[in-house]
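Below: the structure, in structure tokens.
In our numbering, the protein residues as written are 29 to 472.
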């Protein structure tokens, strides 16, 4: 797009969210106390001699409150930086905002996105590259980030992203329920099982204690679970210009697991958004598979719980995941001083990401993950290895968090839980959806 988008208006001070939901703040809400959104008129930074730095992000609820805490600390330590952060609605509205600003050459100085959306943001056109030398001078390079996370930050050999964390699907354990079910060891850790039969037996034991379910899963956002189960079998999805390759047998095996969970009553047929965590918190299920960002939700509910890696249904703990990262939206005349301030801000946030870790995400900065302070965090330190087992989606303009692939896959995969289609029928529908997406030209 060539039309310059309107500047975001300065909103009123946002109310404190009523609960820890990740997407509780409205679009345009200011992401930190005392930090107003950019408006019209002379910049206070120009009048004060401070370096102007504008950041856009998509964090709300529990994530948003921790980000505010970190931003306030950053502001106190950097009085020479006129830092202002703005939070926009999670998902497509946020990515549209970033793309529109960058297309007009008026993007924020730095923005937070999912690394899985890097290709859809057209690096080189909508995103400006990041100088790895400047970043290394700030203390961030490939020696302090897991290799599989670091390599995702490059496009055509250039660095376009700075990873903040890894967020993954994990397994939550209601300790009270699982004690009654007799599936915990002397240290209150879930007994280890491997393989589908062993896992289903475990769920049956737990179901005997709850009288409802063994496992709670989000049946209305099923793609991440499918991708984890598919990748545990080494299943690949190779997307070409006009076709794709998917292993039918492995896809069917993953779908069969999802189908059996609900068909046998071990998990709900219908569970959406907050219902999924409520099932665990209320004791209707003893286990839950969900993102690690649900830790604040369970803490707020007063649930006694722990967490483990994604279950080894197919013999390993691979799990679907993504990484929040910083990018530089395109600017026509990128100011070197503001760019250096943006790099310094990102490095500071990584070094202080123990605060971020408290919300559940696994920090990308290894010195934090390897610290005694992180080791003392529970249950976060219990599933830290999940960062090494993360399985990203294939690169395509329609894949990644809040991407079209997840949206289009919801229909066929949800029918597995509802019991309205067989795995074979759902697979045919999923493949048709992927084929349709490939036929659509990239919007950028």
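Yeah, the Cβ is synthetic: ideal placement off N, Cα and C, and Gly gets one too.
Note that the structure is predicted; figures quoted are calculated from it, not measured.
Proximity of residue 428 and residue 148 at Cβ, strictly below 8 Å: For the purposes of this step, residue 428 is taken as the residue at position 400 of the chain shown. For the purposes of this step, residue 148 is taken as the residue at position 120 of the chain shown. Against a cut-off of 8 Å, the Cβ pair of residue 148 and residue 428 comes out as a contact.
Limits of the alpha helix (DSSP H) - the one that residue 357 falls within: Along the chain shown, one-based indexing puts residue 357 at 329. Element bounds for residue 357: not the alpha helix (DSSP H) but the beta strand (DSSP E), 352-357.
Simplified DSSP assignment, three categories, for residue 248: Position 220 of the chain shown, counting from 1, holds the residue named residue 248. In the structure shown, residue 248 sits in coil (DSSP, three-state: anything other than H, G, I, E or B).
Residue 395 in three-state terms, based on DSSP: Here residue 395 is taken as the residue at index 367 of the chain shown, counted from 1. Of the three classes helix, strand and coil, the one that applies to residue 395 here is helix, per DSSP.
Run of the beta strand (DSSP E) containing residue 193, from where it starts to where it stops: Looking up residue 193 in the chain shown gives position 165. From DSSP, the beta strand (DSSP E) with residue 193 extends over 193-202.
Beta carbon of residue 191 nearer than 8 Å to that of residue 392: If you number the chain shown from 1, residue 191 lands on position 163. If you number the chain shown from 1, residue 392 lands on position 364. A contact, by the Cβ cut-off of 8 Å.
Segments of 4+ residues assigned as alpha helix (DSSP H) that fall wholly inside the segment 257-341: 276-291, 302-309, 323-329
Residue 373 and residue 188 closer than 8 Å at C-beta: On the chain shown, position 345 is the one that residue 373 refers to. On the chain shown, position 160 is the one that residue 188 refers to. Taking 8 Å as the Cβ cut-off, residue 373 and residue 188 do not qualify as a contacting pair.
Test item: CB-CB of residue 283 and residue 253 under 8 Å: By one-based count along the chain shown, residue 283 stands at place 255. By one-based count along the chain shown, residue 253 stands at place 225. Cβ distance not < 8 Å, so residue 283 and residue 253 don't count as in contact.
Between the CA atoms of residue 194 and residue 144 - distance to the nearest angstrom: Numbered from its first residue, the chain shown carries residue 144 at position 116. Numbered from its first residue, the chain shown carries residue 194 at position 166. Taking the straight line from one Cα to the other gives about 11 Å.
Burial state of residue 120 (16 or more Cβ within 10 Å): Taking the chain shown and counting its residues from 1, one reaches residue 120 at position 92. The residue in question, residue 120, is exposed, as its Cβ has fewer than 16 Cβ neighbours within 10 Å.
DSSP beta-bridge partners of residue 134: Here residue 134 is taken as the residue at index 106 of the chain shown, counted from 1. Partner(s): 359.
Residues that DSSP places opposite residue 182 in a beta bridge: If you number the chain shown from 1, residue 182 lands on position 154. Beta-bridge pairing links residue 182 to 187.
Simplified DSSP state of residue 226, which is helix, strand or coil: Taking the first residue of the chain shown as 1, we reach residue 226 at position 198. Helix at residue 226.
Complete runs of the alpha helix (DSSP H) confined to the segment 402-456 [at least 4 residues]: 432-446
When 198, 134, 104 are compared against residue 416, the one with the closest alpha-carbon: Here residue 416 refers to the residue found at position 388 of the chain shown. Closest option to residue 416, Cα to Cα, is 198.
Supposed contact pair residue 309 and residue 336 - C-beta distance, whole angstroms, cut 8 Å: Here residue 336 corresponds to residue number 308 of the chain shown, with the count starting at 1. Here residue 309 corresponds to residue number 281 of the chain shown, with the count starting at 1. Contact doesn't hold; Cβ gap of about 17 Å is too wide.
Nearest-angstrom Cβ-Cβ length linking residue 219 and residue 228, presumed shorter than 8 Å: Indexing the chain shown from 1 puts residue 219 at position 191. Indexing the chain shown from 1 puts residue 228 at position 200. Incorrect: roughly 14 Å between the Cβ atoms, too far for contact.
Closest Cα partner of residue 163 within the set 375, 117, 449, 177: On the chain shown, residue 163 is found 135 positions in, with the first residue counted as 1. Checking every option, the nearest Cα to that of residue 163 belongs to 375.
Extent of the continuous beta strand (DSSP E) run through residue 80: On the chain shown, position 52 is the one that residue 80 refers to. Start and end: 79-85.
Sub-8 Å separation of residue 242 and residue 294 beta-carbons: Counted from its first residue, the chain shown places residue 242 at position 214. Counted from its first residue, the chain shown places residue 294 at position 266. Taking 8 Å as the Cβ cut-off, residue 242 and residue 294 qualify as a contacting pair.
Residue 421 versus residue 438 - alpha carbon distance: The count along the chain shown starts at 1 and reaches residue 421 at position 393. The count along the chain shown starts at 1 and reaches residue 438 at position 410. In a straight line, the C-alpha of residue 421 is about 15 Å away from that of residue 438.
Test item: CB-CB of residue 177 and residue 290 under 8 Å: On the chain shown, position 149 is the one that residue 177 refers to. On the chain shown, position 262 is the one that residue 290 refers to. Not closer than 8 Å, so no.
Where the beta strand (DSSP E) containing residue 110 begins and where it ends: Within the chain shown, numbered from 1, the residue matching residue 110 stands at position 82. Taken as a continuous stretch (DSSP letters only), the beta strand (DSSP E) holding residue 110 covers 109-115.
Residue 348 in three-state terms, based on DSSP: Your numbering for residue 348 matches position 320 in the chain shown. Note: residue 348 maps to strand in three-state DSSP.
One or two residues paired with residue 139 in a DSSP bridge: Taking the first residue of the chain shown as position 1, residue 139 is located at position 111. Beta-bridge pairing links residue 139 to 84, 355.
Unbroken alpha helix (DSSP H) run spanning residue 389, endpoints: As a first step, residue 389 is located in the chain shown; it is residue number 361 there, counting from the start. From DSSP, residue 389 is part of no alpha helix (DSSP H); its letter is neither H nor E.
Cβ-based burial, residue 202 [other Cβ within 10 Å; buried from 16]: Counting from one through the chain shown, the residue named residue 202 turns up at place 174. Answer is buried; the Cβ neighbour count reaches 16.
Whole-number beta carbon distance between residue 133 and residue 359, since they are thought to touch under 8 Å: On the chain shown, position 331 is the one that residue 359 refers to. On the chain shown, position 105 is the one that residue 133 refers to. About 6 Å; that satisfies the 8 Å criterion.
Alpha-carbon to alpha-carbon, residue 208 and residue 454: Numbered from its first residue, the chain shown carries residue 454 at position 426. Numbered from its first residue, the chain shown carries residue 208 at position 180. Each residue's Cα considered, the two are about 37 Å apart.
Nearest neighbour of residue 277, chosen from 451, 470, 424 [CA to CA]: Counted from its first residue, the chain shown places residue 277 at position 249. Checking every option, the nearest Cα to that of residue 277 belongs to 451.
Burial state of residue 17 (16 or more Cβ within 10 Å): The structure shown does not extend to residue 17, since the chain spans only 29 to 472, so no value can be given for it.
Exposure label - residue 54; buried when at least 16 CB within 10 Å: Walking along the chain shown from the start, residue 54 turns up at place 26. Only weak support exists for where residue 54 lies, its pLDDT of 41 falling under 50; the coordinates are left without a value.
Neighbourhood of residue 365 by C-beta distance below 6 Å, restricted to the same chain and skipping five residues each side: If you number the chain shown from 1, residue 365 lands on position 337. Cβ within range, chain order: 79.
Residue 100 - DSSP class collapsed to helix/strand/coil: Position 72 of the chain shown, counted from the start, is the residue given in the question as residue 100. Helix.
CA nearest to the CA of residue 86, picked from 170, 430, 266, 160: As a first step, residue 86 is located in the chain shown; it is residue number 58 there, counting from the start. The shortest Cα separation from residue 86 among 170, 430, 266, 160 belongs to 430.
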